[in-house]
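Take 137 as the starting number for the sequence shown in the working numbering and just add one per residue.
Just so you know, even glycine gets a beta-carbon here, dropped at the ideal spot from N, CA and C.
Please read the structure below before turning to the comments.
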Amino acid sequence: MNTSDKTVTAVVDVENTGNVAGKDAIQLYVSLPRKQNDILEKAAIQLLDYAKTDMLQPGEKKSYTIKADLFDATSYDNTLEHDGVKGGYILAEGDYYFAIGNGSHEAVNNVLAKMGKSVSNGMDVEGNGNKAIVKKYNSPNASLFGRSKGGKVLIQNQLDDADLNYYQPNAVKYLSRNDWSGTYPTRQIVTPNEDMIKELRNKKHVIQKDEKVDVVWGSKETNYTLADMKGASWDDPRWDDFVNQIPLDSAIKIIAVGGNTTWTIEEIGNPRNRQADGPNGFSSFGINQGYAILEDSPYKLSDSDEDKKWVGFKASAPNAPLIAATFDKAVQKEMGELIGNHSIWNGGATIWAGGANLHRSPYEGRTHEYFTEDPILSAYALENMVSGGRKFGCLIGPKHFAFNAIEFNRYGLSEYMTEQTARETELRSFQKTYESGECLATMTAFNRISCSNLNAHQGLMQNILRKEWGYKGLISTDMVNGQNYFLPGECILGGVTMMANGQGASADLKSEWVDYEASNIANDKLLNERLHENMKYQWYAYANSNLLNGMDASTRLVSVTPSWQIMFNVLTGVFSVALAASVGLMVVVALKDKKEEK
137 MNTSDKTVTA VVDVENTGNV AGKDAIQLYV SLPRKQNDIL EKAAIQLLDY
187 AKTDMLQPGE KKSYTIKADL FDATSYDNTL EHDGVKGGYI LAEGDYYFAI
237 GNGSHEAVNN VLAKMGKSVS NGMDVEGNGN KAIVKKYNSP NASLFGRSKG
287 GKVLIQNQLD DADLNYYQPN AVKYLSRNDW SGTYPTRQIV TPNEDMIKEL
337 RNKKHVIQKD EKVDVVWGSK ETNYTLADMK GASWDDPRWD DFVNQIPLDS
387 AIKIIAVGGN TTWTIEEIGN PRNRQADGPN GFSSFGINQG YAILEDSPYK
437 LSDSDEDKKW VGFKASAPNA PLIAATFDKA VQKEMGELIG NHSIWNGGAT
487 IWAGGANLHR SPYEGRTHEY FTEDPILSAY ALENMVSGGR KFGCLIGPKH
537 FAFNAIEFNR YGLSEYMTEQ TARETELRSF QKTYESGECL ATMTAFNRIS
587 CSNLNAHQGL MQNILRKEWG YKGLISTDMV NGQNYFLPGE CILGGVTMMA
637 NGQGASADLK SEWVDYEASN IANDKLLNER LHENMKYQWY AYANSNLLNG
687 MDASTRLVSV TPSWQIMFNV LTGVFSVALA ASVGLMVVVA LKDKKEEK
């Protein structure tokens, strides 16, 4: 254990004792120190990191070094006081047992054996104490993990309201190792009080009409295109001018109507982006729909190319649990590379893939899309997959951030939990990927956190995701489908850059956004600032993707009406006039006949 660089280094000797060549997973576990009646809940054993061996021949031995993140051995304590704030991660004082094992059951048995326990003490099988070591830590420091990875943001409580007891004190007892029988869950019926009902309605922001707004929209002072910003860093000073060029009504439209494709904005000359859905690959788009058919593309297939036979085919990749179960970071990255390569061929820069929600229930309905029940295995699988996709400029967007637990009746479902539960389980599953800087797209979940729409939860969306983790990518909701708890203003303030409403201006969309026309929000300072911010996140992601492949600063998009469409429009007009004339003739004849009858 090294608290200076916050790592755990383990050297593991592996021998192939079998008769055939093969690989194996090296799984490193830790059992955290726990006091009697500890206020922090701790698992008996938890995965810390893993690696995959090379192909070892029978009798072959090899040493492997795993350098794990010490942060993953911390516990979140919402009572911890440090650096003037409350709540944070703590590396507890005491004995840390590190063990290897084929799964958590074998690992915990090895820890128990190291403690001197055996079958005579009630164990089902004997463990191997030689596969575990103990390290003592005697210098607890509340500030050691008190700041974000970049060191700029103080970690503190952000999810107090996720606990049902926040709204109804002592309403629920959470399961505790301190009292198994006294805290084992029973069915409870909760009746919302007035505070809960108010929050459930999600109407938090009142549009201001007379504030001084400093951000600029529709500027003519510069004429950057998205191609000019290709590969631009987050700190590039041109971004402000670039976003300033966007008209306010266009910014609203971009956020209001996301979905399978994005809109173009004339003032910034962006191409449309097609977005695919599904962690199992681009199964919706055939490769003939992308760069493979563009005349000037390096991926253009000649008629004599033997791969021409695959044009039009779609691809489905292995599902997430299978990829996670390999315990092979190289394979997990290769999965991302495969998806990224497909994105170039089929012309979709974004795919909503990498399901990092945990398998918390057999009734979840998305277990084929989500990696595993373990946050560390899920975290590394997701990080490697997203990194592999970025190698090809593909925006692999993890979903469903966060706490999606069920498929049936999932709209607006309230998820209650302690902040320790949130941060040490599902949030940890997503965290590494967002902190890496490789991830520039994500999709949120349908559910609420407690009573608040997840997309509008400032603690999660702004303070944890954007500030603590430094996430700088675009954020899409899941398909809104007219759900009235997805209120536009609240989602914008939460950091959403596009609402998955589909491409039509449907009646429900018009009714939801009627108050968010440009003229109506032009003098709302906070709303305009967040809109401006969200636009930068959106276009920064696209500028650093394969959406701009084949484009450079000299590229200009020109709207061209094809000849067949011109002819179609002409014929439509001719037939419309002819139809109107014939209807008029029929009316005249009918009136004449009526007169003759009289």
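Collapsed DSSP secondary structure at residue i in the structure displayed
| i | result |
| --- | --- |
| W481 | helix |
| W488 | strand |
| Q594 | helix |
| R283 | strand |
| S256 | helix |
| V289 | coil |
| S586 | coil |
| S199 | strand |
| Y273 | strand |
| S151 | Sequence inspection shows Glu at residue 151; the Ser mentioned does not correspond to that position. It is a strand residue. |
| A161 | strand |
| T397 | strand |
| K340 | coil |
| Q381 | coil |
| K348 | coil |
| D299 | coil |
| E177 | coil |
| Q674 | helix |
| L684 | helix |
| S550 | strand |
| L518 | helix |
| Q324 | coil |
| Q468 | helix |
Cβ pair residue i, residue j closer than 7 angstroms
| i | j | result |
| --- | --- | --- |
| G484 | A412 | yes |
| I532 | A492 | no |
| A204 | V144 | yes |
| A235 | A268 | yes |
| E604 | V289 | yes |
| E562 | A581 | no |
| A451 | N416 | no |
| E347 | C587 | no |
| E574 | R526 | yes |
| E571 | K142 | no |
| K188 | F463 | yes |
| T569 | V522 | yes |
| V349 | N659 | yes |
| L662 | S565 | no |
| G405 | T361 | yes |
Beta bridge counterpart(s) of residue i as assigned by DSSP
| i | result |
| --- | --- |
| T578 | I611 |
| S167 | Y233 |
| Q411 | T486 |
| M634 | S612 |
| L143 | Correcting the residue type first, residue 143 is Thr in the shown sequence and not Leu. For T143, which the question treats as bridged, DSSP gives the partners N138 and D205. |
| G224 | D213 |
| S572 | According to DSSP, which records beta bridges pairwise, S572 is partnered with nothing at all. |
| K535 | G491 |
| S565 | Its beta-bridge partners do not exist; DSSP assigns none. |
| Y506 | G491 |
| A187 | I162 |
| A268 | A235 |
Same chain, Cβ closer than 7 angstroms to residue i, neighbours up to 5 away in sequence not counted
| i | result |
| --- | --- |
| K627 | Checking the sequence shown, residue 627 turns out to be Cys, not Lys. So the qualifying residues of the chain are N591, A592, T613 and M635. |
| I735 | In the structure displayed, the chain extends from 137 to 734; residue 735 sits before or after that span and is not available. |
| N409 | T397, T398, A485, T486, Y678 and L683 |
| A517 | I459, A460, Q468 and F507 |
| E177 | S312, R313 and Q556 |
Residues of its chain near residue i, where Cβ-Cβ distance is below 6 angstroms and the 5 sequence neighbours each way are ignored
| i | result |
| --- | --- |
| E560 | Y212 |
| D510 | L183 |
| K271 | M137 and Y232 |
| Y320 | none |
| W649 | A392 and P624 |
| N520 | K465, Q468 and K469 |
| D219 | S279, G282 and L290 |
Other residues of its chain near residue i: CB distance less than 8 angstroms, five sequence neighbours each side excluded
| i | result |
| --- | --- |
| N138 | V144, T145 and L206 |
| E555 | Y212, N214, G223, N293, Q294, L295, D296, A298 and D299 |
Residue-chain proximity (residue i, chain B), Cβ-Cβ < 7 angstroms
| i | result |
| --- | --- |
| A161 | In summary, chain B is missing from the structure at hand, where a single protein chain is found. |
Distance cut-off 6 angstroms: residue i Cβ against heavy atoms of the ligand GTP
| i | result |
| --- | --- |
| Q304 | Here there are no bound small molecules, and the ligand GTP is not part of this structure. |
Should the segment 349 to 360 be called in touch with the segment 375 to 395, which here means at least 3 C-beta pairs below 8 angstroms? yes
Meets three-Cβ-pair contact criterion under 8 angstroms: the segment 181 to 197 and the segment 159 to 166: yes
Tell me, please, whether the segment 606 to 625 touches the segment 325 to 343 by the rule of three or more beta-carbon pairs shorter than 8 angstroms. yes
Any chance the segment 302 to 313 sits against the segment 238 to 247, with 3 or more Cβ pairs inside 8 angstroms? Short answer: they don't touch.
For the structure I just gave you, are there three or more beta carbon pairs, one from the segment 661 to 680 and one from the segment 364 to 378, closer than 8 angstroms? yes
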